[in-house]
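In terms of the working numbering, the sequence shown has 270 at position 276, counting the first letter as 1, and numbering is strictly consecutive. One structure is given below, encoded as structure tokens.
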Amino acid sequence: IVLPEEEIARKLEKWSHSVPSVDYKESDTTMALVLWNILPLLLLVVLMLYFFNRHMRSVGAREGWMPFVGNSTEKARKEKPDVRFDDVAGVQEAKEEVQEIVEFLRNPEKFQVVGGRIPRGILLVGAPGTGKTLLAQAIAGEAAVPFYSLCGSDFVELFVGVGAARVRDLFRKARENQPSIIFLDEIDAVGRKRGTGLGGGHDEREQTLNAILSEMDGFTRDTGIIVLAATNRPDVLDPALLRPGRFDREIMVDMPDVRGREAILKVHARGVKMAGSVILKDIARGTPGFTGADLEALINEAAIRAAMQGQQKVSMANLEEARDKVRFGRQKKHSRVMSAEDKKLTAYHEAGHALIAKLHEDVEPLHKVTIIPRGVAMGMTMVLPEKDKYGLRKRECFGQIIMMMAGRVAEEMFCGDISSGAEDDIEKATELARSMITRWGMSKELGPISYAESERHGVLGNEITRGKLHSERMAEKIDEEVRLLLMECYQMSRQMCEENADGLRRIAEVLLELETLSGDEVARILAGDGVDELRVEREAAEKMAAAEQAREEEKEKEPVPESDEGAAPEEYPRPL
-5 IVLPEEEIAR KLEKWSHSVP SVDYKESDTT MALVLWNILP LLLLVVLMLY FFNRHMRSVG
55 AREGWMPFVG NSTEKARKEK PDVRFDDVAG VQEAKEEVQE IVEFLRNPEK FQVVGGRIPR
115 GILLVGAPGT GKTLLAQAIA GEAAVPFYSL CGSDFVELFV GVGAARVRDL FRKARENQPS
175 IIFLDEIDAV GRKRGTGLGG GHDEREQTLN AILSEMDGFT RDTGIIVLAA TNRPDVLDPA
235 LLRPGRFDRE IMVDMPDVRG REAILKVHAR GVKMAGSVIL KDIARGTPGF TGADLEALIN
295 EAAIRAAMQG QQKVSMANLE EARDKVRFGR QKKHSRVMSA EDKKLTAYHE AGHALIAKLH
355 EDVEPLHKVT IIPRGVAMGM TMVLPEKDKY GLRKRECFGQ IIMMMAGRVA EEMFCGDISS
415 GAEDDIEKAT ELARSMITRW GMSKELGPIS YAESERHGVL GNEITRGKLH SERMAEKIDE
475 EVRLLLMECY QMSRQMCEEN ADGLRRIAEV LLELETLSGD EVARILAGDG VDELRVEREA
535 AEKMAAAEQA REEEKEKEPV PESDEGAAPE EYPRPL
């Protein structure tokens, strides 16, 4: 059907009037589409910023936009420690050396009149647990000044520049409260030698170190701020940190000697009830190589053991068991049950060690021998020095190697076979023999020459490694000398065991019955005593100890006598 043009025009006009009019704005539609597409992205960014800022606040942020950058001392609280020099024992020389720091903080005019300058910084160096942090707290406690303490790792964060900002803020706080003390524990975390990192890029640790160097001795100097730092790795510190004007003085906090250990034990025993039979001097003599932290753990372990056994006071047996536990580990009577054959092999092995320790004049006095597993060892022979030693003589080295070889010799003589139980003995004997040859010049054939020197590698941060500075021919001679020395000691050990075979056998038999023997009991066995005599003596000693403990408990229950008017009741002194 074909419609004329006039009819088509008329129908279109009629249709246009029937459709409602709509105002169309292109700009509004475009804006809505843009917002609809961008809104999820904006919401995601806002959520990311919110959670990011919340995380930073949880790790130390406090205020302001991105506040973690400026926050440097959230953990460095202004405090005045209540530790005094009386609470620090065993480091008498170190305490005397820091006395002038305390005097300067108390009376700075005394030094200013003369024209002297107090050390800007003091570096405390020593093995872990020797009391470096405690000594720093004692300095602040004696001087009664604000004390800001922070660990070296607290300066290092995810973003570059945060550590340097924390250093500046830490010194700003100390400057506002001077005179004051800043203590940086484990400074080797940020104070390592610069330029030793592997790879390129911006090193956050180096920027933190630069900030510490600038604050300690830059364009401005603060005479009322003393920086203390502690580390057990002084060899890796940057030389610029150790120069005069920054850390002027390096104080060595040594391992305590026998008198120092006794003083430390007395300090930690103040709050612990000790039995009257306790002799801390004997415990101090039996703990060579223990640090202050080890001795504190010893007292605590003894107190716990006494409480678990229902005792009111700590006895000498508790202290000795705690010492063995701290040094060698816990006894394993139930978790590690040995067969009869293994027990016999262990008994003869330890009896060989005990025999040589008792008879050889160049071996330290025998303290205890046991076949009860402790730590990783199936049994052990303990020798205790009568005094602290700072070097080894050649005959003492021979005595130690002879005692180490006696375990293997006893196995061969009485068990008809050898075992892997001598692994640790052979390893230590070989190491000692090699040190005698290559380091201490105790070989007649090779002479007093050092064949192994320490080598420093700057790339690895001044780490010390061993380097061979001799020819292959000399290496063969060294190996031959070590072998001859060890075999000579082995033959001497075998000769002593064969000459005293009956005594060695009796020690092993008693060990199988009693499992643990003291040095005095081993001497009595060699003199002819048997298991029955030792058991009777042990029972008598236990009864005497129980009676002594009962008397002390009754004495504590007695009422305290009334004091005179106006006077405080007299306190009974507690024996140490």
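Glycine included, each C-beta is placed from N, C-alpha and C at the ideal position.
Exposed unless 16 or more other CB atoms sit within 10 angstroms - verdict on E1:
Residue numbering aside, residue 1 sits at position 7 when the sequence shown is read from its first letter. Looking at its Cβ environment, which holds fewer than 16 other Cβ atoms inside 10 Å, E1 is exposed.
Sufficient close CB pairs (3 or more, under 8 Å) joining the region 384 to 396 to the region 363 to 372:
When C-beta atoms of the region 384 to 396 are compared with those of the region 363 to 372, fewer than three pairs fall below 8 Å, so the two segments do not count as touching.
Using the Cα positions of D523 and T281, report the straight-line distance between them to the nearest angstrom.
Along the sequence shown, one-based indexing puts residue 523 at 529. Along the sequence shown, one-based indexing puts residue 281 at 287. In a straight line, the C-alpha of D523 is about 29 Å away from that of T281.
Would the beta-carbon of V308 fall within 8 Å of that of K275?
For this step, residue 308 is matched to residue 314 along the sequence shown. For this step, residue 275 is matched to residue 281 along the sequence shown. No, the Cβ-Cβ distance between V308 and K275 is not below 8 Å.
Who are Y142's beta bridge partners in DSSP?
As a working note, residue 142 is residue 148 in the sequence shown. Per DSSP, I176.
Cβ neighbour criterion (16 or more within 10 Å) applied to L35:
Your numbering for residue 35 matches position 41 in the sequence shown. Classified as exposed, L35 has fewer than 16 neighbouring CB atoms from the shown chains inside 10 Å of its CB.
Which residue comes first and which comes last in the beta strand (DSSP E) that contains M332?
Here residue 332 refers to the residue found at position 338 when the sequence shown is read from its first residue. Per DSSP, M332 belongs to no beta strand (DSSP E) and is neither H nor E.
Quick one: complete beta strand (DSSP E) runs, 3+ long, within the region 337 to 370?
The beta strand (DSSP E) runs of length 3 or more contained entirely in the region 337 to 370 are, from start to end of the chain, 360 to 364.
Give the DSSP-derived three-state secondary structure of L231 in the structure shown.
Reading the sequence shown from its first residue, position 237 is the one you call residue 231. Reduced to three states, the DSSP call for L231 is strand.
If contacts are defined as beta-carbon pairs under 8 Å, then A404 and G346 qualify, I think. What distance do you get, rounded to the angstrom?
Reading the sequence shown from its first residue, position 410 is the one you call residue 404. Reading the sequence shown from its first residue, position 352 is the one you call residue 346. Between G346 and A404 the Cβ distance is about 3 Å, and since that is below 8 Å, they are a contact.
Taking 8 Å as the threshold (C-beta atoms), are A341 and A502 in contact?
Position 508 of the sequence shown, counting from 1, holds the residue named residue 502. Position 347 of the sequence shown, counting from 1, holds the residue named residue 341. Inclusion of A502 and A341 in the CB contact set at 8 Å is warranted, their separation being smaller than that value.
Mind checking which residues open and close the beta strand (DSSP E) that includes S413?
Mapped onto the sequence shown, residue 413 falls at position 419. Counted as a single uninterrupted DSSP element, the stretch harbouring S413 is not any beta strand (DSSP E), since DSSP gives it neither H nor E.
Beta-carbon contacts of G571 that lie in its chain and below 8 Å, excluding the five residues immediately before and after
Any question about residue 571 goes unanswered here, given that the chain covers just -5 to 570.
Give me, in chain order, the residues of the same chain whose beta-carbon lies closer than 6 Å to that of D356; leave out the 5 immediate sequence neighbours on both sides.
By one-based count along the sequence shown, residue 356 stands at place 362. If you ignore the 5 residues before and after D356, its C-beta comes within less than 6 Å of the C-beta of R389, E390, G393, all in its own chain and listed in chain order.
CB contact flag (G580, P173, <8 Å):
Missing from the structure shown is residue 580; the chain here goes from -5 to 570 and no further.
Would you tell me roughly how many angstroms separate the C-alpha atoms of L520 and R499, rounded to the nearest one?
By one-based count along the sequence shown, residue 520 stands at place 526. By one-based count along the sequence shown, residue 499 stands at place 505. Approximately 10 Å between the Cα atoms of the pair.
Backbone secondary structure at W59 - three-state DSSP
Here residue 59 corresponds to residue number 65 of the sequence shown, with the count starting at 1. In this prediction, W59 has a pLDDT of 44, which is less than 50 and means its spatial position is unreliable; what the coordinates show is noted afterwards. The DSSP-derived three-state label of W59 is coil.
Please state the DSSP three-state secondary structure of R264.
Taking the sequence shown and counting its residues from 1, the one referred to as residue 264 is at position 270. The three-state secondary structure of R264, taken from DSSP, is coil.
List the residues that DSSP assigns as beta-bridge partners of L511.
By 1-based counting over the sequence shown, the position of residue 511 is 517. The bridge partners DSSP lists for L511 are V363.
For L117, which beta-bridge partners are listed by DSSP?
Taking the sequence shown and counting its residues from 1, one reaches residue 117 at position 123. In the DSSP assignment, the residues bridged to L117 are A223, E244.
Close-in-space but distant-in-sequence residues of the same chain around E94 (CB under 6 Å, 5 per side omitted)
As a first step, residue 94 must be located in the sequence shown, where it is residue number 100. Nothing listed; no residue qualifies.
If the criterion is Cβ atoms closer than 8 Å, does the pair F284 and R255 meet it?
Sequence index remark: in the sequence shown, residue 284 carries index 290 (1-based). Sequence index remark: in the sequence shown, residue 255 carries index 261 (1-based). Result yes, Cβ atoms of F284 and R255 sit closer than 8 Å.
Completely contained alpha helix (DSSP H) runs for the region 249 to 333, where each covers 4 or more residues:
Correct list: 252 to 262, 274 to 279, 286 to 302, 310 to 322.
Report yes or no: do the region 153 to 170 and the region 106 to 121 share at least 3 C-beta pairs separated by less than 8 Å?
At 8 Å Cβ cutoff, the stretches do not touch.
Mapping the DSSP letters down to three states, classify M374 as helix, strand or coil.
In the sequence shown, residue 374 corresponds to position 380, counting from 1. M374: strand per DSSP, three-state reduction.
Are the region 417 to 428 and the region 480 to 498 touching by the rule of at least three beta carbon pairs closer than 8 Å?
In short, these stretches touch, since the Cβ pair count reaches three.
If we call anything under 8 Å between Cβ atoms a contact, is L207 one with A234?
Stepping through the sequence shown from its first residue, residue 207 is reached at position 213. Stepping through the sequence shown from its first residue, residue 234 is reached at position 240. For the 8 Å CB-CB criterion, L207 and A234 form a contact.
Under the three-state DSSP convention, the category A469 falls into
For the purposes of this step, residue 469 is taken as the residue at position 475 of the sequence shown. Assigned with DSSP and collapsed to three states, A469 falls in helix.
Distance CB(V85)-CB(G135) smaller than 8 Å:
By one-based count along the sequence shown, residue 85 stands at place 91. By one-based count along the sequence shown, residue 135 stands at place 141. Taking 8 Å as the Cβ cut-off, V85 and G135 do not qualify as a contacting pair.
Select from A423, K187, G270 the residue whose C-alpha is nearest the C-alpha of R227.
The sequence position of residue 227 within the sequence shown is 233, counting from 1. Of A423, K187, G270, the residue nearest in Cα terms is K187.
For A83, which of P250, I472, I273 has the nearest alpha-carbon?
For the purposes of this step, residue 83 is taken as residue 89 along the sequence shown, with counting starting at 1. Residue nearest to A83 within the set P250, I472, I273 is P250 (criterion: CA-CA distance).
Whose C-alpha, out of I175, K438, Y142, is nearest the C-alpha of I112?
Position 118 of the sequence shown, counted from the first residue, corresponds to residue 112. By alpha-carbon distance to I112, the top candidate from I175, K438, Y142 is I175.
I think A416 touches V377, with their Cβ atoms under 8 Å apart; what is that distance to the nearest whole Å?
If you number the sequence shown from 1, residue 416 lands on position 422. If you number the sequence shown from 1, residue 377 lands on position 383. Between A416 and V377 a beta carbon distance of about 17 Å is seen, past the 8 Å cut, so the two are scored as non-contacting.
Assign L38 to one of two classes, buried (16 or more other C-beta atoms within 10 Å of its C-beta) or exposed (fewer than that).
For this step, residue 38 is matched to residue 44 along the sequence shown. Label assigned to L38: exposed.
Drop a sphere of 10 angstroms on the beta-carbon of K89, count the other beta-carbons inside from all chains shown, and report buried for 16 or more, exposed for fewer.
Within the sequence shown, residue 89 is the residue found at index 95, counting from 1. Burial state of K89 is buried, judged by a 10 Å Cβ sphere holding 16 or more other Cβ atoms.
How would you write the range of the alpha helix (DSSP H) that S208 sits in, first residue to last?
Locating residue 208 in the sequence shown gives position 214, where the first residue counts as 1. Residues 198 to 210.
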